[in-house]
Each structure stands twice: as structure tokens, then as C-alpha cells.
Amino acid sequence: MIAESKIVPVILAGGSGTRLWPISRDSLPKQFLALGEGEGTLYQETLRRVAPGPMFAAPIVVTNEEFRFFAQRQAREIGIDPTVLLEPVRRDSAPALLAATLLAQRLHGEEAIVLVLAADHVIGDAPAFHGACRKALGAAGLGHIVTFGITPTEPRTSYGYIRPGASLNGGSAARVEAFAEKPHAELARQYMDEGYLWNSGNFLFPAHVMLEEAELYEPDVVDAVRRSLAHAKADLGFCRLGPEFRSAPSVSIDYAVMERTSRAAVVEGSFPWSDVGSWNAMREIAVPDERGNVQRGPVRLVDAEDSYVHSEGPLVAAVGVKGLSIIATGDAILVMPSHRSEEVKHLVASLKADRRNEANEHPKCHRPWGSYETINLGSRFRVKKIVVDPGERLSLQKHHHRSEHWIVVRGTAEVTVGETVSTVHENQSTYIPLGSVHRLSNPGRIPLELIEVQVGSYLGEDDIVRLEDIYQRVETAPVPAATVLAAE
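Heads up, the final residue of the sequence shown is numbered 488 in my numbering, and it's a clean run with no missing numbers.
Have a look at this one:
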């Protein structure tokens with residue numbers, strides 16, 4: 001029966017990915033960025049790898065409030081329509097995975113086969129990955145929770161390891177004898193010599209087996225997740241878990257189940273794999289030039305060796321450097337020896353402690369309707385570039401502390417101020433007085449681009465009072481999730 005069932009992919013897409021700062025930040029983490037060698041974002045490439053078809057059912061994506069529109073929009077851009085499950089708060093991987101497993105059972109039956117993947121990993125050989133999934137199906141049919149172990153190419157200290165045991169299913173899988181934490185260099189070499197595998201953190205299992213083991217070891221997590229799914233609500237095509245999710249203990253699936261269960265198995269994957277967990281890892285998945293350099297964006301190197309230089313805005317020029325990583329955005333530049341890239345997380349923590357906006361927010365902020373970018377900021381003024389996608393509109397809103405001037409540079413704007421609705425074309429402008437109820441819409445078929453000049457005593461983004469909003473950022477009574485799930 002398992003061989004005949006489609007695999008239900010579950011994509012975990014709620015992480016923050018701050019180890020790739022300043023490109024990846026809390027407001028736009030690495031899974032929603034185009035960092036690999038493929039055409040799309042890491043999340044899109046993960047979805048493509050398990051696109052609905054003969055082998056896979058429609059995916060379930062688990063993310064949170066901040067990333068819900070990224071998850072939905074980027075999936076639809078590549079023709080995939082997932083069920084997007086929203087966590088009220090982040091509670092590590094076990095509650096997220098178990099919520100999706102319960103939802104997979106609701107959508108596909110008690111015997112559903114679930115494949116759990118991180119949204120931000122790079123896999124270089126999709127056919128080889130699919131072959132590993134087929135091997136894992138055999139072990140899952142014997143009642144095992146199967147993890148994918150990667151054949152090590154070198155003794156890495158940044159990955160956890162798996163020690164395979166006795167063979168299962170004719171040798172295509174093995175029992176897991178032990179999981180090992182990230183080792184120091186000497187121990188990593190020993191692990192390689194003894195046949196250990198890298199722990200990829202991706203799993204395939206029968207839904208009921210994972211739930212049985214979770215109930216055995218972490219019953220409080222399962223109980224909270226069950227209650228939160230029972231009280232889930234549908235919201236603009238998303239399935240929003242109930243508030244009971246907040247009571248789930250924050251625990252990883254490795255600790256909750258995998259390191260404690262006797263039903264763990266491992267399938268060895270020979271495909272190229274990376275969790276893209278550092279800038280050094282980014283360099284390793286790219287193709288360097290003849291001097292070992294990797295260049296992305298507007299970069300000019302002279303007499304440089306073994307360096308990774310990535311710019312998303314300004315020209316970055318370097319002379320005579322060796323073994324450096326240089327990453328630039330519109331508001332931050334990171335320079336470090338490549339071998340110290342694991343320390344970026346400590347840098348970001350110190351920036352957050354100092355309340356530096358650059359620690360969390362991108363200079364370009366994405367919204368459901370488009371994006372905005374701050375061009376200049378003074379004591380009583382802010383200049384933004386705003387892009388509104390075709391057919392989209394901002395909330396009906398007002399401000400207590402600022403007035404706004406809008407200058408259209410591309411496209412056509414429909415502007416509401418009080419009871420007046422007007423059309424503003426390219427090279428025309430309009431004024432929004434302080435306290436006026438207003439709205440901006442794009443009725444056209446091309447992106448609307450405008451320059452906004454704010455003037456006032458306080459220019460923070462929290463000086464927005466929303467009165468109406470098509471994205472339901474104003475409190476409303478949501479529809480029960482059963483309505484959406486029944487329709488699917």
C-alpha cells in the first residue's frame with residue numbers, strides 16, 4: 001500500500017537564517033532568497049524538487065505570520081499551490097512537523113506517507129534525491145522513521161553525524177545506531193573513517209508512526225498541536241493554527257523523537273547537499289574562477305585569491321585580498337576571514353542587543369502588495385521608493401504624526417483621500433495631509449513605482465492606523481479552517 005501512495009511533502013519554511021547576514025535577516029530569511037545556482041529561491045527550488053505528480057502529492061508548507069505571503073506568492077510563481085500552515089509563534093521543529101503530519105492525515109488519510117524537508121537546503125541532483133526517497137519508502141513500509149544521511153566529502157565540524165547500524169530492506173536502508181552532535185575537527189575525521197554520515201535533518205515516515213513515537217516521548221507537544229489544529233482557522237487561503245499551539249514545548253524533532261526512538265532508520269544519499277548554514281558554505285556550493293574566487297553582483301577583484309565577494313547594491317572592489325568573505329547590501333558591509341563565517345551569528349546577536357535596525361530589517365521591505373525601500377532619512381523626513389504590484393492596493397489608513405507627498409515615476413496610481421478618488425499618472429504628484437484617511441492602489445497592468453516623501457515629528461512604521469485591509473491586517477473574525485480543507 002505504501003508503494004502505491006503518493007508522498008506528502010512537508011516544507012518547513014519558518015526559520016530566520018541569520019548566519020547569512022546581512023543578505024538574510026529576520027524580515028527576509030535565506031529560504032526566500034535566490035542564493036543557489038538554480039533560477040529560483042531556495043524555497044522555490046525545494047518545491048520544484050517535490051512538485052506534485054506521480055510521486056508526490058500537493059505540498060504542505062509550515063511557516064509563520066511574517067512569511068505567509070512570501071510562501072504563498074513564491075509557490076504560485078512556479079505553478080504550485082500548497083496548503084500553507086501558519087504557526088502563531090515559533091516553537092522549534094517538533095511542533096511544526098507534528099502539526100503538518102496531523103494535517104497530512106486529515107487531507108490524505110491515516111496511512112499518509114510524509115516527507116519533511118527544510119526549505120533552505122541545496123540539493124544538486126534531483127534524480128538521485130528521488131532515488132533515495134524510493135529507498136526510504138521501503139524502510140517506511142517496515143514501520144521506520146527514515147532520515148537521509150549524506151555521504152561525507154570531508155570532515156565537517158558544522159554538521160551533526162549519524163552512525164548507521166544493521167541493514168534493513170535488503171540493504172537499501174540501515175538502522176540508526178546513534179546520532180552525534182557537531183564534532184571538533186579530529187573527531188569529525190574519526191567519524192568519516194568509521195563510516196558515519198552527515199545528518200541532513202530531512203525525514204520520510206508513515207504519519208501514524210511519527211505520531212505514535214511523539215506521543216510516547218513528548219505527549220504534551222502532541223496534545224497542544226492536536227488542539228491547535230482542531231481550532232485552526234482559514235484566512236485568505238492559509239490555515240492558521242489555533243492559540244493552543246503556544247502551549248507546545250519548544251523542542252526540536254531530533255530531541256523529541258529521533259534521538260530517542262528505536263524505529264529510526266537511515267538511507268544514504270550520494271547527492272550533493274548543503275544546508276547553506278554559513279557564508280563559507282555559500283562559497284563551497286558555487287563554482288570558483290581559476291584563482292579560487294567567487295563573485296556575485298557588481299564586484300571587481302585585482303590580485304585576489306580564494307575569496308567570496310557578494311554585493312546586492314554598491315560596487316565592491318578589492319585588491320590583494322586572500323581568503324576573505326565580503327558581503328555588501330545597501331545598508332551593511334560584512335568583511336571577515338572565510339574560515340570564521342560561523343561567528344556571524346554572534347555578530348548578529350550583538351547588533352540585536354544594540355537594537356540596530358540592520359540586524360533584523362532589510363533596506364527593502366516586502367509587503368503583500370509589493371515593496372518599499374528607504375532612500376534617505378533625516379530628523380523630520382523620510383524618502384521612500386514604493387512599488388505596488390498590478391491589481392494590488394494598500395490598506396485604507398491614516399497617520400497621526402506625518403504628512404506624505406507621492407510622485408509617480410512609473411505606472412498609474414489610484415489615490416483615495418477622504419471621499420475623493422483620483423488618478424495620478426507618471427510625472428504627477430499628490431499630497432496626503434496629516435490625519436487624512438487615504439489609500440493607494442494600482443489599477444494598471446504594470447508595477448506602479450512612486451517616490452514618497454514623509455514629513456513629520458515621528459516617522460516610524462507603527463504610525464499606521466489601518467481601517468480596512470484586503471490582507472486582513474485589521475482584526476476580523478476568521479472562517480473555520482474546515483471550510484478550506486473540505487474544499488481541497
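Even glycine gets a Cβ: it sits at the ideal position worked out from N, Cα and C.
Here the structure is a predicted model, which is why all the values come from computation and not from measurement.
Nearest-angstrom Cα separation, counted from V266 out to G313: Start at 1 with the first residue of the sequence shown, and residue 313 comes out as number 313. Start at 1 with the first residue of the sequence shown, and residue 266 comes out as number 266. The C-alpha of V266 is placed about 43 Å away from the C-alpha of G313.
Per-residue DSSP class, three states only, for M55: Position 55 of the sequence shown, counted from the start, is the residue given in the question as residue 55. DSSP places M55 in coil when its eight states are reduced to three.
Coarse secondary structure for V479, derived from DSSP in three states: Within the sequence shown, numbered from 1, the residue matching residue 479 stands at position 479. In this prediction, V479 has a pLDDT of 45, which is less than 50 and means its spatial position is unreliable; nothing more can be read from the coordinates.
Rounded Cβ spacing between Y161 and Y196 (contact assumed at less than 8 Å): Locating residue 161 in the sequence shown gives position 161, counting from the first residue. Locating residue 196 in the sequence shown gives position 196, counting from the first residue. Between Y161 and Y196, the beta carbon gap of about 4 Å places them in contact (Cβ cut-off 8 Å).
Option nearest I375 by Cα separation, candidates P368, K364, W369: For this step, residue 375 is matched to residue 375 along the sequence shown. By alpha-carbon distance to I375, the top candidate from P368, K364, W369 is K364.
Extent of the continuous alpha helix (DSSP H) to which Q72 belongs: Here residue 72 is taken as the residue at index 72 of the sequence shown, counted from 1. From DSSP, the alpha helix (DSSP H) with Q72 extends over 68-77.
Whether A328 touches V316 by CB criterion (8 Å): For the purposes of this step, residue 328 is taken as residue 328 along the sequence shown, with counting starting at 1. For the purposes of this step, residue 316 is taken as residue 316 along the sequence shown, with counting starting at 1. Their beta carbons are under 8 Å apart, which means A328 touches V316 by this criterion.
Residue burial classification, S24 (beta-carbon count within 10 angstroms, cutoff 16): Walking along the sequence shown from the start, residue 24 turns up at place 24. Flag for S24 reads buried.
Cβ-based burial, E488 [other Cβ within 10 Å; buried from 16]: For the purposes of this step, residue 488 is taken as the residue at position 488 of the sequence shown. In this prediction, E488 has a pLDDT of 44, which is less than 50 and means its spatial position is unreliable; what the coordinates show is noted afterwards. With fewer than 16 Cβ atoms within 10 Å of its Cβ, E488 is classed as exposed.
Collapsed DSSP secondary structure at G15 in the structure displayed: On the sequence shown, residue 15 is found 15 positions in, with the first residue counted as 1. Annotated three-state conformation of G15 is coil, per DSSP.
CB contact flag (L377, V437, <8 Å): On the sequence shown, residue 377 is found 377 positions in, with the first residue counted as 1. On the sequence shown, residue 437 is found 437 positions in, with the first residue counted as 1. L377 is not a Cβ neighbour of V437, given a cutoff of 8 Å.
Secondary structure of W279, DSSP reduced to three states: Your numbering for residue 279 matches position 279 in the sequence shown. Helix, per DSSP.
Ranges of the beta strand (DSSP E) found wholly within the region 122-151, counting only runs of at least 3: Within the region 122-151, the complete beta strand (DSSP E) runs of at least 3 residues are 145-150.
V421, enclosing beta strand (DSSP E) - first and last residue: What you label residue 421 is simply residue 421 of the sequence shown in a count that begins at 1. Taken as a continuous stretch (DSSP letters only), the beta strand (DSSP E) holding V421 covers 420-424.
Burial state of V479, where buried means 16 or more other Cβ atoms lie within 10 Å: Numbered from 1 along the sequence shown, position 479 holds the residue referred to as residue 479. Note that V479 scores 45 on pLDDT, short of 50, meaning its location in the model is unreliable; the coordinates nonetheless yield the value given after this. Exposed, by the Cβ-count rule.
For S93, the first and last residue of its enclosing alpha helix (DSSP H): Working through the sequence shown from its first residue, we reach residue 93 at position 93. Segment 93-108, the alpha helix (DSSP H) holding S93.
Rounded C-alpha distance that separates V222 from V8: By one-based count along the sequence shown, residue 222 stands at place 222. By one-based count along the sequence shown, residue 8 stands at place 8. Whole-angstrom Cα-Cα distance: 20 Å.
Through-space distance from L42 to F32, alpha-carbon basis: Numbered from 1 along the sequence shown, position 32 holds the residue referred to as residue 32. Numbered from 1 along the sequence shown, position 42 holds the residue referred to as residue 42. The C-alpha of F32 lies about 6 Å from the C-alpha of L42.
Member of Y372, L448, G165, A224 whose CA lies at the smallest distance from the CA of S262: Taking the sequence shown and counting its residues from 1, one reaches residue 262 at position 262. S262 has its Cα closest to that of G165, out of Y372, L448, G165, A224.
Whole-Å CB distance - P390 paired with I470, under 8 Å assumed: Mapped onto the sequence shown, residue 390 falls at position 390. Mapped onto the sequence shown, residue 470 falls at position 470. Approximately 14 Å separates the beta-carbon atoms of P390 and I470; this is outside 8 Å, ruling out the contact.
For S311, the first and last residue of its enclosing beta strand (DSSP E): If you number the sequence shown from 1, residue 311 lands on position 311. 308-311 is the span of the beta strand (DSSP E), which, as asked, contains S311.
One or two residues paired with W273 in a DSSP bridge: Position 273 of the sequence shown, counted from the start, is the residue given in the question as residue 273. Looking at the DSSP assignment, W273 forms a beta bridge with I123.
Stretch-stretch touch, CB-based, cutoff 8 Å, three pairs: the region 192-211 with the region 140-159: Cβ pair count under 8 Å is three or more, so yes.
Spatial neighbours of S311 in its chain, beta-carbon cut-off 6 Å, leaving aside the 5 residues before and after: Within the sequence shown, numbered from 1, the residue matching residue 311 stands at position 311. Answer for S311: G297, P298, V299, A328, listed in chain order.
Counted within 10 angstroms of its Cβ, other Cβ atoms place R73 as buried (16 or more) or exposed: By 1-based counting over the sequence shown, the position of residue 73 is 73. With fewer than 16 Cβ atoms within 10 Å of its Cβ, R73 is classed as exposed.
Given P22 as reference, the closest of R402, V348, E414 once Cα atoms are compared: For the purposes of this step, residue 22 is taken as residue 22 along the sequence shown, with counting starting at 1. When each option's Cα is compared against that of P22, the closest is V348.
Check whether I285 and V122 have beta carbons under 8 Å apart: Numbered from 1 along the sequence shown, position 285 holds the residue referred to as residue 285. Numbered from 1 along the sequence shown, position 122 holds the residue referred to as residue 122. Contact flag set, yes.
Whether E392 touches W369 by CB criterion (8 Å): As a working note, residue 392 is residue 392 in the sequence shown. As a working note, residue 369 is residue 369 in the sequence shown. Closer than 8 Å, so yes.
Pick from V387, R356, D275, I464 that is closest to L117, judged by C-alpha positions: In the sequence shown, the residue the question calls residue 117 occupies position 117. The closest CA to that of L117, considering only V387, R356, D275, I464, is found on D275.
Cβ pair count under 8 Å reaching 3, the region 228-245 against the region 128-143: Proximity of the region 228-245 to the region 128-143 falls short of the contact definition, fewer than three beta-carbon pairs being nearer than 8 Å.
Close Cβ partners of G320 (< 6 Å) along its chain, the five nearest in sequence each way excluded: Counted from its first residue, the sequence shown places residue 320 at position 320. Shown here for G320: same chain residues with a beta carbon closer than 6 Å to its own, the five before and five after excluded, namely D303 in chain order.
Through-space distance from R367 to F69, alpha-carbon basis: Taking the first residue of the sequence shown as position 1, residue 69 is located at position 69. Taking the first residue of the sequence shown as position 1, residue 367 is located at position 367. Cα to Cα, the separation comes out at about 8 Å.
Contact under 8 Å by Cβ, N202 with T147: The residue given as residue 202 occupies position 202 in the sequence shown. The residue given as residue 147 occupies position 147 in the sequence shown. If you check the CB distance, N202 and T147 come in under 8 Å.
Alpha-carbon to alpha-carbon, G242 and A178: Within the sequence shown, the letter at position 178 stands for residue 178. Within the sequence shown, the letter at position 242 stands for residue 242. Computed Cα separation, rounded: 36 Å.
C-beta neighbour in chain C for A96, strict 8 Å: The chain inventory of the structure shown lacks chain C, comprising one protein chain alone.
Helix, strand or coil at D389 according to DSSP, with G and I counted as helix: Working through the sequence shown from its first residue, we reach residue 389 at position 389. Three-state result, D389: coil.
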